Structure formats: C-alpha cells, structure tokens
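Residue numbers (this note's numbering): 92 to 325. Every residue, glycine too, gets a C-beta built ideally from N, C-alpha and C. Remember, predicted model here, so these are calculated numbers, not experimental data.
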C-alpha cells in the first residue's frame, strides 16, 4: 500500500475507535443498570441496521453514479464530518469547550436508566432503544466514513489523547474531503471527467498542511479571546 492508502486506513481506524468508545459507554451503562439482555439486543439490532445501510449506500454510490459524481459526494461527506470533528477539537484545544468526559457521560446514562420506568417481564424497551440509538447514531457516522474511503481507496493512489485523536482524524477527513470534492467538480464539465490536482497525490500533503495551519490559527485566536474574557475587570 502507498502512503495515501495508509492515510485512509489510519483515518478510518481512528474514527471507528473513537465512535466505538462512545457507543460502548452507552451500552455498558444500560447493561449494568437495566440488564444485558435488552442492551445487547438493541446493540445487535443497530449493527444489523448499519450493515443494511452500508450495503445499500455503498452499492448505490458505486453503481449508479459516474466517477466524478462519486468523488463530489465523497468529498462533500468527508468535509462535513471533518469540519465537525475539527470544530470540536479546536474549541476544546482553545478552552472554549470542555474536554469529552466518558466518565461523566456514563454517570448521566446510568442516572437516566435508574430513573426510567422498569418492566418486570419481557424486553426492557428503554434499555433496548437507548442502546440501539447510541450504537446506530455513532455507527452511522463511521459507516459513511468507511463507505467514502472504501469507494475512493482504489482511485486515489484518555480525554486529552481522545481530543488529539479527533483532531488528527478531523484533519485527515477535511484533507481528503477537499481533495475529492474538487476532483468531483468535473461532473459539471463536458465529458464529466474528474479535475486533476497539480502534483496529483502530492497535493494531499499540501492540503493537510493548509488545514493544519488554519486550525492552529483558529486555536490561537480563540485561546487569546478566552484568556481576555477570563481576566477580571478592575
């Protein structure tokens, strides 16, 4: 595999890992509080639904759209997810947003589970639905990332630690998203041929550097703004 493919693999793995941790927190809270039977049933149902979405969406994109249109869709999706992850990472790095705390989220889920009405027999609907929603929503983001990376791979040769991981994934998603979205603009040209970047794959490194520099500027500006707001008025 070349460097571009390794970048796809690393970004996909990191995204899956982060979302898996967040989904596992919800399922564990339901399992320990309400019982594992309903929690695991909700998890299994969500995984089955995600499998269907993956097959259907992947087949539709790969079969019904021309290459340049796929690149435009892929790039757009990656830009959406990349900017979302980058925004959160930048806000947390600048002190504008609290660091993601899985322990606090676990306690909130446990408190909600304990307060909900219980059923003595049969399936615990609350545990089932919360587990299903948590796994499905977290997994849905991974599904679109995996689909977009998978379609393009053949065409394109602890709390602080978690935020750093999301920051890195956000940079990669935004980079590849920009790369493929611009290539996909070719769908509007005669012949629908993809737009070629100067330097081809080397342009990815330039885009990655540009996104990194832009994110550092935002972090620096927001951090200074937060520091000024924290200074008491005399």
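Measuring alpha carbon to alpha carbon, tell me which of 186, 171, 172 ends up nearest residue 314. Residue numbering aside, residue 314 sits at position 223 when the chain shown is read from its first letter. Answer by Cα proximity: 186.
Buried or exposed: residue 271, going by 16 or more other Cβ atoms within 10 Å of its Cβ? As a first step, residue 271 is located in the chain shown; it is residue number 180 there, counting from the start. That one is buried.
For the 8 Å Cβ check, are there 3 or more pairs between the segment 171-183 and the segment 258-266? yes
Write down the C-beta distance between residue 162 and residue 287 rounded to the nearest angstrom, noting that I regard them as a contact closer than 8 Å. Residue mapping note: residue 162 aligns to position 71 of the chain shown, counting from 1. Residue mapping note: residue 287 aligns to position 196 of the chain shown, counting from 1. Actually they are not in contact, since the Cβ atoms of residue 162 and residue 287 sit about 11 Å apart, beyond 8 Å.
Near residue 200, what residues of its chain come up, given a Cβ to Cβ distance below 6 Å and the 5 sequence neighbours on each side ignored? Reading the chain shown from its first residue, position 109 is the one you call residue 200. These residues qualify, in order along the chain: 117, 120.
Going by beta carbon distance, what residues of the same chain come within less than 8 Å of residue 232, once the five residues before and after it are set aside? Here residue 232 corresponds to residue number 141 of the chain shown, with the count starting at 1. Around residue 232: 106, 110, 172.
My output table needs one value for residue 288: the three-state DSSP class, helix, strand or coil. Within the chain shown, residue 288 is the residue found at index 197, counting from 1. Reduced to three states, the DSSP call for residue 288 is coil.
Whole angstroms are fine: how far does the CA of residue 307 sit from the CA of residue 113? Working through the chain shown from its first residue, we reach residue 113 at position 22. Working through the chain shown from its first residue, we reach residue 307 at position 216. C-alpha separation (whole angstroms): 26 Å.
Can you tell me whether residue 325 is buried or exposed, with buried defined as 16 or more other CB within 10 angstroms of its CB? Here residue 325 corresponds to residue number 234 of the chain shown, with the count starting at 1. Residue confidence for residue 325 is low, a pLDDT of 48 falling below 50, so the modelled location carries little weight and cannot support an answer.
Contact set for residue 181: own chain, Cβ-Cβ below 6 Å, skip 5 residues either direction: Position 90 of the chain shown holds residue 181. Same-chain partners within the cutoff: 306, 309, 310.
Quick check on residue 209: buried or exposed, where buried means 16 or more other Cβ atoms within 10 Å of its Cβ? For this step, residue 209 is matched to residue 118 along the chain shown. Counting Cβ neighbours within 10 Å, residue 209 comes out exposed, since fewer than 16 surround it.
Length of the line joining the Cα atoms of residue 284 and residue 261: Residue mapping note: residue 284 aligns to position 193 of the chain shown, counting from 1. Residue mapping note: residue 261 aligns to position 170 of the chain shown, counting from 1. Distance between the alpha carbons of residue 284 and residue 261 is about 28 Å.
Cα-Cα separation between residue 123 and residue 294, rounded to whole angstroms: Here residue 123 corresponds to residue number 32 of the chain shown, with the count starting at 1. Here residue 294 corresponds to residue number 203 of the chain shown, with the count starting at 1. So the alpha carbons of these two residues sit roughly 49 Å apart.
Quick one: what does DSSP say residue 275 is sitting in, helix, strand or coil? Residue mapping note: residue 275 aligns to position 184 of the chain shown, counting from 1. Helix at residue 275.
Give the secondary structure of residue 186 by DSSP, where H, G and I count as helix, E and B as strand, and everything else as coil. In the chain shown, residue 186 corresponds to position 95, counting from 1. If DSSP states are grouped into helix, strand and coil, residue 186 belongs with coil.
Less than 8 Å between the C-beta atoms of residue 217 and residue 125, yes or no? Taking the chain shown and counting its residues from 1, one reaches residue 217 at position 126. Taking the chain shown and counting its residues from 1, one reaches residue 125 at position 34. In this structure, residue 125 lies closer than 8 Å to residue 217 by Cβ.
Among the candidates 234, 131, 258, whose CA atom is the shortest distance from the CA of residue 221? The residue you call residue 221 lines up with position 130 of the chain shown. Minimum Cα distance to residue 221 is reached at 131.
Would residue 276 pass as a contact of residue 144 if the rule is Cβ separation under 8 Å? Residue 276 sits at position 185 when you count from the first residue of the chain shown. Residue 144 sits at position 53 when you count from the first residue of the chain shown. No; because the gap between Cβ atoms is not below 8 Å, this pair is not in contact.
Check this for me: beta carbons of residue 279 and residue 133, under 8 Å apart or not? Position 188 of the chain shown holds residue 279. Position 42 of the chain shown holds residue 133. No, they are not a contact pair.
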